[in-house]
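Residues in the sequence shown are numbered consecutively from 1, following the UniProt record's numbering.
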Amino acid sequence: MKARQALMLAALAASAGLAIFGDRTPNGGGETVEPAPRPQPAAAAPKAATPTAKHKHAAVILALLPREDLMGPRDEERPESTLFIAQSLDRAPAGAGTQMPVAVSSATPGLPFTYLGKKYENAAWEVYLAIGDQTYFVREGTVIDQKYAVNQIRPPVLTMTYLPTKQQQTMTIGGEE
1 MKARQALMLA ALAASAGLAI FGDRTPNGGG ETVEPAPRPQ PAAAAPKAAT PTAKHKHAAV
61 ILALLPREDL MGPRDEERPE STLFIAQSLD RAPAGAGTQM PVAVSSATPG LPFTYLGKKY
121 ENAAWEVYLA IGDQTYFVRE GTVIDQKYAV NQIRPPVLTM TYLPTKQQQT MTIGGEE
């Protein structure tokens with residue numbers, strides 16, 4: 001038996017002995033300890049902290065002042081007057097009705113697929129993708145719903161082309177494990 005094993009066996013025996021022969025009184029069943037009553041000191045007016053008073057006495061806690069006394073009233077019309085102004089998407093800013101509608105660019109949307117898994121079979125990678133309840137089994141050259149074409153599967157990346165705009169997109173699919 002090695003020294004390490006002997007040490008672990010001794011520790012196991014000690015913990016078993018404590019579990020069997022240890023104190024069995026319940027946690028809340030013993031006597032309760034209550035704080036001793038302290039005499040109340042006479043109320044004194046708070047003093048400003050001075051360098052000499054700092055070392056002699058404990059910290060002095062002053063009364064809280066209302067926010068309006070310290071910073072002034074809030075001005076809801078000026079956003080810079082509050083640090084964290086409440087923002088709502090329901091309420092349109094003033095003058096929003098007079099603006100011209102902004103044309104939405106036809107940018108490539110993000111990949112709608114959820115990666116489910118992959119496997120290497122017959123010298124080719126096969127990737128399992130899902131959109132909602134629909135599951136797709138794709139290889140290189142597969143076209144999905146006439147919108148996406150799978151160009152290349154080289155773990156850790158799957159490269160697809162969004163057919164309406166002919167833009168390439170990539171998806172991380174993990175290593176070759």
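Glycine included, C-beta positions come from ideal geometry on N, C-alpha and C.
| query | result |
| --- | --- |
| Please state the DSSP three-state secondary structure of residue 54. | The pLDDT assigned to residue 54 is 49, lower than 50, so where the model puts this residue is not dependable; a value taken from the coordinates is nonetheless given after this. If DSSP states are grouped into helix, strand and coil, residue 54 belongs with the helices. |
| Skipping 5 residues on each side, what residues in its chain have a beta carbon closer than 6 Å to that of residue 157? | 170 |
| Please classify residue 118: is it buried, with 16 or more other beta-carbons within 10 angstroms of its beta-carbon, or exposed? | buried |
| Alpha carbon to alpha carbon, how far is residue 173 from residue 143? | 18 Å |
| How big is the Cα-Cα spacing for residue 65 and residue 71? | 10 Å |
| Look at the alpha carbon of residue 155 and the alpha carbon of residue 147, and state the distance between them as a whole number of angstroms. | 22 Å |
| Have a look at the DSSP bridge pairing and note the partners of residue 138. | 127 |
| What would DSSP say about residue 121, mapped onto helix, strand or coil? | strand |
| Strictly by DSSP, which residues pair up with residue 153? | 158 |
| Whole-angstrom Cβ separation of residue 163 and residue 149, contact assumed at under 8 Å? | 6 Å |
| In the DSSP assignment, find the alpha helix (DSSP H) that holds residue 71 and state where it starts and stops. | 67-71 |
| Are there 16 or more other CB atoms within 10 angstroms of the CB of residue 1, so buried, or fewer, so exposed? | exposed |
| Could you tell me the distance, in whole angstroms, from the CA atom of residue 12 to the CA atom of residue 5? | 10 Å |
| Candidates 124, 109 and 126: which alpha carbon is nearest residue 165's? | 109 |
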